[in-house]
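Every letter in the sequence shown is one number past the one before it in the numbering used here, and letter 44, counting from 1, is 78.
Yeah, the Cβ is synthetic: ideal placement off N, Cα and C, and Gly gets one too.
Beneath this line is the structure, given in structure tokens, with notes to follow.
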Amino acid sequence: MKKMLFASLACATGFVSTAALGAPGEYWEITSKMEMAGMPMVMPATTVKVCVAKGGERDPRHSAPSKDCDLSDVKVSGNKSSWKMRCKQNGEIMTGSGEMTGNSDKSEGTLHMSGKSGGQAVAMTFKHQGKRIGGSCEAKT
């Protein structure tokens, strides 16, 4: 179960980062929080600094959640993006959907994932908020 949770967390945090070096980018500060039904303790929020390609702040296609996760049904309209996600690790599959809104200075979003881990049903919700903090960097594309 820990491996699947780790993969899911990697998938969720991956939608705000990117995959191979090359595009001009800017630094963003992303705060994310995971909630899981039935978990006896509340997971603390985490904050990371990531390099996001310019113009990629609301397009999940610019991201590579994980080699174990695939995005589909990606829709980007105005300041809103939505997608579906499927992650497979060690024969276990988790599926979900995400949505985010944002502009060139901030973004926020939610990702819902569900599936089985160790034979038990698991449902998680990841929420993130991001803000552009500036500074040039080489984003992954």
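The Cβ atoms of residue 91 and residue 167 lie no closer than 8 Å to each other. By the Cβ rule, the segment 102-112 does not count as touching the segment 136-144, because fewer than three pairs are nearer than 8 Å.
Per DSSP, reduced to three states, the secondary structure at residue 58 is strand.
Burial check for residue 68: the Cβ neighbour count within 10 Å reaches 16 or more, so the residue is buried. Counting along the chain, residue 90 sits inside no beta strand (DSSP E), nor does DSSP assign it H or E at all. By the CB criterion at 8 Å, residue 85 and residue 173 fall inside the cutoff.
Shown here, residue 173 sits in a strand according to DSSP, grouped into three states.
Counting only residues of its own chain and dropping the five nearest sequence neighbours on each side, residue 148 has a CB closer than 8 Å to the CB of 128, 129, 130, 155, 156, 157, 158.
Rounded to whole angstroms, the gap between the alpha carbons of residue 58 and residue 74 is 42 Å. Taken through DSSP and simplified to helix, strand or coil, residue 141 comes out as strand. Taking 8 Å as the cut-off, the Cβ atoms of residue 65 and residue 146 do not count as close. Ranking 122, 87, 72, 70 by CA distance to the CA of residue 171 puts 87 first. Residue 111 sits away from residue 133, with the two beta carbons spaced by 8 Å or more.
Annotation for residue 70: 158 place their beta carbon closer than 6 Å to its own, counting only its chain and skipping 5 residues before and after.
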